[in-house]
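Asker: Heads up, the sequence shown is in UniProt numbering, so the first residue is 1 and it goes up one at a time.
Cβ coordinates follow ideal geometry from the N, Cα and C atoms, glycine included.
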Amino acid sequence: MRQYPTVEELERAVDRERRVNVVAGPRTPVSVQAEIHPEQPDDLPGIPPKAKRTLGSGLQAIPAKRRKIGVTPSLYRNIAKATSPRESYWDVLQVNRKRVPPPSEAKWITGGVLGQGGFGTVLLVYDVARGAQCALKVVHYSRGMSKPSCRGVVNELKALAKIAEDADPSPFLLRPYVYGAHWAWRSSAGYLHILTEFCSGGDLSCYEYRLSEHALALVCAEVILGLNHLHKLGIVHHDLKPQNILVTSEGHCVISDFGGAQFLDRDKLITREPHGANAVMTVPFAAPELLCDEDSETTHTQAVDYWSLGTTLVSLLMDDAYLPGTDPETPLGLKLGGIQQRLQDHGTSIELRAFIKALLQPDASMRPMFPAITQLPFLQAVDWKAVQEQRCPPIRMVRELGALAHGYSVPTARVHKTRHPADFLEMLRHERLSLTVDDSYDAEAHLAAVTYEL
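1. Whole angstroms are fine: how far does the CA of T451 sit from the CA of L404?
2. Among L192, R67, H252, whose alpha-carbon lies nearest the alpha-carbon of V398?
3. I'd like the list of long-range same chain contacts for F172, defined as Cβ closer than 8 Å, with 5 residues on each side in sequence excluded.
4. Does DSSP classify L174 as helix, strand or coil?
5. Could you check if S142 is buried or exposed, using at least 16 other CB atoms within 10 Å of its CB as the buried criterion?
6. Quick one: give me the first and last residue of the beta strand (DSSP E) that V113 is part of.
7. How would you label L75, buried or exposed, when you count the other beta carbons within 10 angstroms and need 16 or more for buried?
8. Determine, using beta-carbon pairs with one atom in the segment 267–274 and one in the segment 187–199, whether at least three such pairs fall under 8 Å.
9. When you compare each of F119, G338, A132 to V100 by their alpha carbons, which one comes out closest?
10. Roughly how many whole angstroms lie between the Cα atoms of F378 and L352?
11. When the Cα atoms are used, what is the spatial distance from D327 to C392?
12. If you count every other CB in all the chains shown that lies within 10 Å of the CB of A445, and 16 or more means buried, which is it?
13. Given this structure, state the Cα-to-Cα distance separating F119 from D438, to the nearest angstrom.
14. Would you mind sorting E241 into buried or exposed? The rule is 16 or more other CB atoms within 10 Å of its CB.
15. For the beta strand (DSSP E) containing R186, list its first residue and its last residue.
16. Give me the residue from R342, W307, V304, L309 with the minimum Cα distance to A321.
17. Between the alpha carbons of E329 and V304, how many angstroms are there, rounded?
18. Along the chain, which unbroken stretches of the beta strand (DSSP E) at least 3 residues long are found entirely within the segment 115–150?
19. Rounded to a whole number of angstroms, what is the C-alpha to C-alpha distance between I47 and D265?
20. Between N155 and A261, which are expected to be in contact by the criterion C-beta below 8 Å, what is the C-beta distance as a whole number of angstroms?
21. Check for me: the alpha helix (DSSP H) holding R342 runs from which residue to which?
22. Quick one: grab the DSSP three-state call for A358.
23. Between P169 and V128, how many whole angstroms is the CB-CB distance? I'm expecting something under 8 Å.
24. Do you know how far the Cα of V280 is from the Cα of G337?
25. Suppose contacts are defined by Cβ-Cβ distances below 9 Å. Is L136 in contact with L157 by that definition?
26. What residue does the beta strand (DSSP E) around C220 start on, and which one ends it?
27. If I'm right that C199 touches L160 with Cβ under 8 Å, what's the distance once you round it to whole angstroms?
28. Could you say if the segment 307–319 and the segment 347–364 meet the contact criterion of at least three C-beta pairs nearer than 8 Å?
29. Need the endpoints of the alpha helix (DSSP H) that L309 sits in, please.
30. Taking the runs of the alpha helix (DSSP H) that are 4 residues or longer, which of them lie wholly in the segment 246–296?
31. Indicate the three-state DSSP secondary structure (helix, strand or coil) for P63 in the structure shown.
32. Between which residues of its own chain and residue 484 is the CB-CB distance below 6 Å, once the five residues before and five after are set aside?
33. Within 10 Å of its beta-carbon, does D239 have 16 or more other beta-carbons around it, so buried, or fewer, so exposed?
34. Quick check on DSSP: helix, strand or coil for A372?
35. Tell me whether I69 sits in a helix, a strand or coil according to DSSP, three-state version.
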């Protein structure tokens, strides 16, 4: 009897034909966790105990100009009809099959844990009324966060609010799940909840060493269009890397995780506090102007995102140990020269090498940005209209992302220890923002329900 190849064997065969000729072998472990600078000392006291009073009680009324975030604008109130009350089931990716209760019994059911960021846990949840799955980020803010980490959460809410209110949203930016009454809320137990669309293809780090130069050009095109739209909204991502570029089920790229977002002023600049006190970034991917330890305020532009696009390409093509920010003792010029030599030694095209070299310009004013970047030889063959209309998916073989559940231990997301925890609600008030109080999702109960051993 003929033995047919497995899916894995077929995938490996296709990869051998299409992948860029890069170095194989084990990757050098490099931290890709976003960091807050300066880091908090490790010898500080533990997480402060929960306050006994009800969260938010005693807060003064916020002026009428305050903007309530997380509430779906009327533009998006194209709400689908509720599902039929008859019994149905939700096939959770790679985990199990769960019964979907009628909307009168439950609003949400949880399939598992998708991952953890710097301060929160991301869960795969199912909207019972509308029959749709989405991603829910849960942050236990009442445990206490340092001021920079708290600012990062607030900036993420601000960025998502701008994206949600955009009349002409970009398909290459992660959007809030706007089909309910609100997409962000807080619970009386001290949890922040942020609902976004779910991208089932994982992130770009799942496709390292696996993309042809043609696919890489399309990846860059989609990310560039997403960045350009983000910059038009006055937002600089500040923490672009493969882990923050999600892949949809159709193989398109979506920029996500706006915890490091910064906002351009009227002069299209970002002011950086002394010693980078307001910077949330991943050092190996960060632009050199973000790593300078200055005693005074400095400014930078959206060019930092284009540097990170260059380091993202490096990470997709070779070991992360080659990233410019991995070794502060090695001169930057030597690191950049090593990247070019490595690419040349392993047969990458001169167009791709020149593209990466242009993005990794230490002088920010010399980095190509939109629209000039579209004219570089590596991208000249790109049909930008087709890319904008999502007719050219960069990734043809999409991997389904599984959710961890039942028997997997899920540690509590790390919270930066500090002697002086910031008041998250007060910081929201300062930004003229507010969150609806909603206890429809019990984060602790849902997490316990999907992680117990069967």
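Answerer: On the basis of the supplied data:
1. In the sequence shown, residue 404 corresponds to position 404, counting from 1. In the sequence shown, residue 451 corresponds to position 451, counting from 1. Their backbone Cα atoms lie some 8 Å apart in a straight line.
2. Position 398 of the sequence shown, counted from the start, is the residue given in the question as residue 398. For the residues L192, R67, H252, the minimum Cα distance to V398 belongs to H252.
3. Within the sequence shown, the letter at position 172 stands for residue 172. Excluding sequence neighbours, F172 sits near E222, V223, L225, G226, H229, H252, C253, V254, I255.
4. For the purposes of this step, residue 174 is identified with residue 174 of the sequence shown, where counting begins at 1. Shown here, L174 sits in coil according to DSSP, grouped into three states, outside any helix or strand.
5. For the purposes of this step, residue 142 is identified with residue 142 of the sequence shown, where counting begins at 1. For S142, the number of other beta carbons within 10 angstroms of its own is at least 16, and it is reported as buried.
6. Translated into the one-based positions of the sequence shown, residue 113 becomes position 113. Residues 108–116.
7. Position 75 of the sequence shown, counted from the first residue, corresponds to residue 75. Summary for L75: the model assigns pLDDT 42, below 50, so the residue's position carries little reliability, and this model does not support an answer.
8. No: the two stretches stay apart, fewer than three of their Cβ pairs being nearer than 8 Å.
9. Your numbering for residue 100 matches position 100 in the sequence shown. Comparing alpha carbon positions, the residue from F119, G338, A132 closest to V100 is A132.
10. Within the sequence shown, residue 378 is the residue found at index 378, counting from 1. Within the sequence shown, residue 352 is the residue found at index 352, counting from 1. Taking the straight line from one Cα to the other gives about 6 Å.
11. By one-based count along the sequence shown, residue 327 stands at place 327. By one-based count along the sequence shown, residue 392 stands at place 392. The straight-line gap from Cα to Cα measures roughly 37 Å.
12. Here residue 445 refers to the residue found at position 445 when the sequence shown is read from its first residue. An exposed status is given to A445, since fewer than 16 other beta-carbon atoms sit within 10 Å of its beta-carbon.
13. The count along the sequence shown starts at 1 and reaches residue 119 at position 119. The count along the sequence shown starts at 1 and reaches residue 438 at position 438. So the alpha carbons of these two residues sit roughly 21 Å apart.
14. Stepping through the sequence shown from its first residue, residue 241 is reached at position 241. It should be pointed out that residue 241 corresponds to Lys in this sequence rather than to Glu. The C-beta of K241 has 16 or more other C-beta atoms within 10 Å across all chains shown, which makes the residue buried.
15. For the purposes of this step, residue 186 is identified with residue 186 of the sequence shown, where counting begins at 1. Its beta strand (DSSP E) spans residues 184–186.
16. Here residue 321 corresponds to residue number 321 of the sequence shown, with the count starting at 1. If you compare the alpha carbons of R342, W307, V304, L309 with that of A321, the shortest gap goes to R342.
17. To locate residue 329, count along the sequence shown from 1; it is residue 329. To locate residue 304, count along the sequence shown from 1; it is residue 304. For E329 and V304, the distance between alpha carbons rounds to 21 Å.
18. You should have 121–127, 132–139.
19. Indexing the sequence shown from 1 puts residue 47 at position 47. Indexing the sequence shown from 1 puts residue 265 at position 265. Note that I47 has pLDDT 42, beneath the 50 cutoff, so the model's placement of it is unreliable and no number is given.
20. Along the sequence shown, read from residue 1 onward, the residue named residue 155 stands at position 155. Along the sequence shown, read from residue 1 onward, the residue named residue 261 stands at position 261. Confirmed, about 5 Å.
21. As a working note, residue 342 is residue 342 in the sequence shown. Per DSSP, R342 belongs to the alpha helix (DSSP H) from 332–345.
22. Working through the sequence shown from its first residue, we reach residue 358 at position 358. Here A358 carries a helix assignment [DSSP, helix/strand/coil].
23. Position 169 of the sequence shown, counted from the first residue, corresponds to residue 169. Position 128 of the sequence shown, counted from the first residue, corresponds to residue 128. Cβ atoms of P169 and V128 stay farther apart than 8 Å, at about 25 Å.
24. As a working note, residue 337 is residue 337 in the sequence shown. As a working note, residue 280 is residue 280 in the sequence shown. If you draw a straight line from the Cα of G337 to the Cα of V280, it comes to about 27 Å.
25. Walking along the sequence shown from the start, residue 136 turns up at place 136. Walking along the sequence shown from the start, residue 157 turns up at place 157. Cβ distance not < 9 Å, so L136 and L157 don't count as in contact.
26. Translated into the one-based positions of the sequence shown, residue 220 becomes position 220. Going by DSSP, C220 is part of no beta strand (DSSP E) but of the alpha helix (DSSP H) stretching over 213–232.
27. The count along the sequence shown starts at 1 and reaches residue 199 at position 199. The count along the sequence shown starts at 1 and reaches residue 160 at position 160. With a beta-carbon spacing of about 15 Å, C199 and L160 fall beyond the 8 Å limit used to define contacts.
28. The way I'd put it, the segment 307–319 does touch the segment 347–364; three or more beta-carbon pairs between them come closer than 8 Å.
29. Counting from 1 along the sequence shown, the entry for residue 309 is found at position 309. Segment 303–317, the alpha helix (DSSP H) holding L309.
30. Listed in chain order, the alpha helix (DSSP H) runs fully inside the segment 246–296 are 288–291, counting runs of at least 4 residues.
31. Taking the first residue of the sequence shown as 1, we reach residue 63 at position 63. In this prediction, P63 scores a pLDDT of 42, lower than 50, which makes its location untrustworthy; no coordinate-derived value is stated.
32. Because residue 484 is not part of the residues shown, which for the chain are 1 to 454, the question remains open.
33. The count along the sequence shown starts at 1 and reaches residue 239 at position 239. Label assigned to D239: buried.
34. Residue numbering aside, residue 372 sits at position 372 when the sequence shown is read from its first letter. It is helical.
35. Taking the first residue of the sequence shown as 1, we reach residue 69 at position 69. Residue state, collapsed to three classes: coil.
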